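Remarks on the structure that follows.
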Amino acid sequence: MSKRKAPQESLNEGITDFLIELANYERNVNRAIHKYNAYRKAASVISKYPCKIKNGAEAKKLDGVGSKIAEKIDEFLTTGKLRKLEKIRQDDTSSSINLLTRVSGIGPAAARKLVEEGIRSLEDLKKNEQKLNHHQKIGLKYFEDFEKRIPRKEMLQMQEIILKEVGKQDPDYIATICGSFRRGAESSGDIDILLTHPAFTSESAKQPKLLHQVVERLEKTGFVTDTLSKGDTKFMGVCLLHGESGESYPFRRIDIRLIPKDQYYCGVLYFTGSDIFNKNMRAHALEMGFTLNEYTIRPLGVTGVAGEPLPVQSEEDVFEYIQWKYREPKDRSE
1 MSKRKAPQES LNEGITDFLI ELANYERNVN RAIHKYNAYR KAASVISKYP CKIKNGAEAK
61 KLDGVGSKIA EKIDEFLTTG KLRKLEKIRQ DDTSSSINLL TRVSGIGPAA ARKLVEEGIR
121 SLEDLKKNEQ KLNHHQKIGL KYFEDFEKRI PRKEMLQMQE IILKEVGKQD PDYIATICGS
181 FRRGAESSGD IDILLTHPAF TSESAKQPKL LHQVVERLEK TGFVTDTLSK GDTKFMGVCL
241 LHGESGESYP FRRIDIRLIP KDQYYCGVLY FTGSDIFNKN MRAHALEMGF TLNEYTIRPL
301 GVTGVAGEPL PVQSEEDVFE YIQWKYREPK DRSE
């Protein structure tokens with residue numbers, strides 16, 4: 001998947017923006033993933049809150065907003081800024097690391113190394129392209145486009161093209177566009193496709209051709225423009241929607257994963273999300289005596305050892321096993 005972008009616009013955009021900025025700082029500079037997750041969770045919950053938050057106490061009533069985050073919200077609402085963020089922004093090293101990690105393919109460790117070598121801006125990166133790998137060069141080339149969120153209307157147009165071409169290649173394929181798009185979001189960060197075929201199961205040998213022939217077809221139509229990486233089961237690349245009336249669109253990040261047919265619906269469930277929903281569902285599954293992940297659902301024996309994977313022909317099957325009422329993708333925010 002591509003770089004995580006801030007949740008879509010909300011009544012509390014100022015608050016969610018500063019939380020995302022703090023999250024990125026904790027991950028990229030301090031490598032404090034637990035703090036990164038805490039800020040992301042608070043931002044996600046607040047972005048869905050239907051009212052404008054008036055103070056930290058109101059925010060603290062929401063699941064995922066603790067006292068420290070509530071204090072920061074009070075400071076922001078009272079002063080219009082945050083001392084911690086002001087300090088971070090004044091620190092050139094932190095700012096540079098945060099900027100470079102926004103380039104697709106550059107993680108926190110690579111960004112820190114580049115900054116230590118004196119590369120602190122996109123201009124510096126362009127002058128030192130020889131230091132970048134193929135993925136990073138493409139990330140730099142399309143930096144501005146990848147920063148833009150994808151409106152739902154554009155996602156729907158791309159979905160139509162992808163499903164049509166996949167069906168032409170072989171009608172036995174099943175493809176699903178997952179992520180926040182499947183949950184009904186008005187905008188998305190990238191296109192994340194799960195692909196399967198009855199000829200590919202967890203018991204069969206690798207079938208890279210099933211993935212590669214779909215990618216090649218999308219390349220021939222001009223939809224897929226660049227390859228970042230292509231393995232046996234995952235393609236990472238760039239795509240472009242061609243406007244019928246000369247309308248121009250930004251280049252977008254696209255990922256296609258080939259999943260065994262018997263693991264497909266556990267995969268669709270997992271990659272549809274949200275992260276919070278997945279955690280809650282896994283916790284409920286454990287309470288009911290099952291272990292659930294992106295591949296399988298398996299019963300737990302009395303000793304806590306997982307048994308054989310259960311047959312799953314749909315997302316509904318998973319809900320049924322753990323005796324949880326089925327929730328449509330649009331209702332899976334938490």
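Per UniProt numbering, the sequence shown starts with residue 1, numbered consecutively.
Built from N, CA and C at the ideal position, the CB exists for glycine as well.
Predicted, not measured: the structure shown is a model, and the values here were computed from it.
Boundaries (first-last residue) of the beta strand (DSSP E) holding residue i
{"i": "C239", "result": "234-239"}
{"i": "D145", "result": "Looking at the DSSP string, D145 is not in any beta strand (DSSP E); the run it does join, the alpha helix (DSSP H), is 143-147."}
{"i": "S67", "result": "No beta strand (DSSP E) contains S67, which is instead part of the alpha helix (DSSP H) from 67-79."}
{"i": "D226", "result": "224-230"}
Cβ shell of residue i (< 7 Å), same chain only, five flanking positions each side left out
{"i": "Q251", "result": "Per the sequence shown, the amino acid found at residue 251 is Phe instead of Gln. So the list reads Y142, D145, T225, V238, L240, once near-sequence residues are dropped."}
{"i": "D74", "result": "N55, G56"}
{"i": "F277", "result": "R332, S333, E334"}
{"i": "L269", "result": "E315, V318"}
{"i": "K137", "result": "E129"}
{"i": "Q159", "result": "I177"}
{"i": "T93", "result": "V115"}
{"i": "Y321", "result": "F290, I297, L310"}
{"i": "G35", "result": "The displayed chain sequence assigns Lys, not Gly, to residue 35. Within the same chain, K35 has close Cβ partners E26."}
{"i": "G307", "result": "R298, P299, G301"}
{"i": "E247", "result": "none"}
Nearest-angstrom Cβ-Cβ length linking residue i and residue j, presumed shorter than 8 Å
{"i": "Y25", "j": "I88", "result": "5 Å"}
{"i": "H135", "j": "D170", "result": "About 29 Å; that fails the 8 Å criterion."}
{"i": "A23", "j": "R40", "result": "5 Å"}
{"i": "T176", "j": "L194", "result": "5 Å"}
{"i": "E147", "j": "L218", "result": "With a Cβ gap of about 23 Å, E147 and L218 do not count as contacting."}
{"i": "P260", "j": "F200", "result": "5 Å"}
{"i": "K234", "j": "D255", "result": "7 Å"}
{"i": "S274", "j": "R183", "result": "7 Å"}
{"i": "F223", "j": "I161", "result": "6 Å"}
N-terminal and C-terminal residue of the alpha helix (DSSP H) that residue i is part of
{"i": "L100", "result": "92-100"}
{"i": "A43", "result": "33-47"}
{"i": "K209", "result": "208-220"}
{"i": "K127", "result": "122-127"}
{"i": "D17", "result": "13-28"}
{"i": "I174", "result": "It is not in any alpha helix (DSSP H) - I174 instead sits in the beta strand (DSSP E) that spans 174-177."}
{"i": "Q169", "result": "152-169"}
{"i": "Y321", "result": "315-321"}
{"i": "K54", "result": "Where K54 is concerned, there is no enclosing alpha helix (DSSP H), given that its DSSP letter is neither H nor E."}
{"i": "residue 358", "result": "An answer regarding residue 358 cannot be provided, because it is not within the stretch 1 to 334 covered by the chain."}
{"i": "Y265", "result": "264-272"}
Neighbour-count burial assignment, residue i, 16 or more Cβ in a 10 Å radius
{"i": "N28", "result": "buried"}
{"i": "P329", "result": "buried"}
{"i": "S202", "result": "exposed"}
{"i": "N30", "result": "exposed"}
{"i": "T101", "result": "buried"}
{"i": "D19", "result": "It is Leu, not Asp, that sits at residue 19 in the sequence shown. By the neighbour-count rule (16 or more Cβ atoms within 10 Å), L19 is buried."}
{"i": "L125", "result": "buried"}
{"i": "N133", "result": "exposed"}
{"i": "T272", "result": "buried"}
{"i": "G189", "result": "buried"}
{"i": "K325", "result": "exposed"}
{"i": "V302", "result": "exposed"}
{"i": "L292", "result": "buried"}
{"i": "E244", "result": "exposed"}
{"i": "G139", "result": "buried"}
{"i": "L286", "result": "exposed"}
{"i": "T79", "result": "exposed"}
{"i": "D192", "result": "buried"}
{"i": "V305", "result": "exposed"}
{"i": "E86", "result": "exposed"}
{"i": "G179", "result": "buried"}
{"i": "E21", "result": "buried"}
{"i": "S204", "result": "exposed"}
{"i": "I69", "result": "buried"}
{"i": "I119", "result": "buried"}
{"i": "S121", "result": "exposed"}
Residue i CB to nearest heavy atom of the ligand GDP below 7 Å
{"i": "H284", "result": "You won't find the ligand GDP in this model; it holds no ligand whatsoever."}
Minimum Cβ-Cβ distance from residue i to chain B less than 8 Å
{"i": "Q263", "result": "The chain labelled as chain B is not found in the depicted structure, where only one protein chain is given."}
Contacts around residue i, its chain only, beta-carbon distance under 8 Å, and the 5 residues preceding and following it disregarded
{"i": "T296", "result": "Q263, C266, P309, L310, V312"}
{"i": "G167", "result": "Y173"}
{"i": "E71", "result": "G56"}
Close Cβ partners of residue i (< 6 Å) along its chain, the five nearest in sequence each way excluded
{"i": "L62", "result": "V45"}
{"i": "L156", "result": "none"}
{"i": "G66", "result": "none"}
{"i": "A111", "result": "I97, L100, T101"}
{"i": "R257", "result": "L194, K234"}
{"i": "K52", "result": "L11"}
Identified DSSP bridge partners for residue i
{"i": "D192", "result": "D255"}
{"i": "R298", "result": "T291"}
{"i": "A306", "result": "L300"}
{"i": "S204", "result": "Its beta-bridge partners do not exist; DSSP assigns none."}
{"i": "S187", "result": "P151"}
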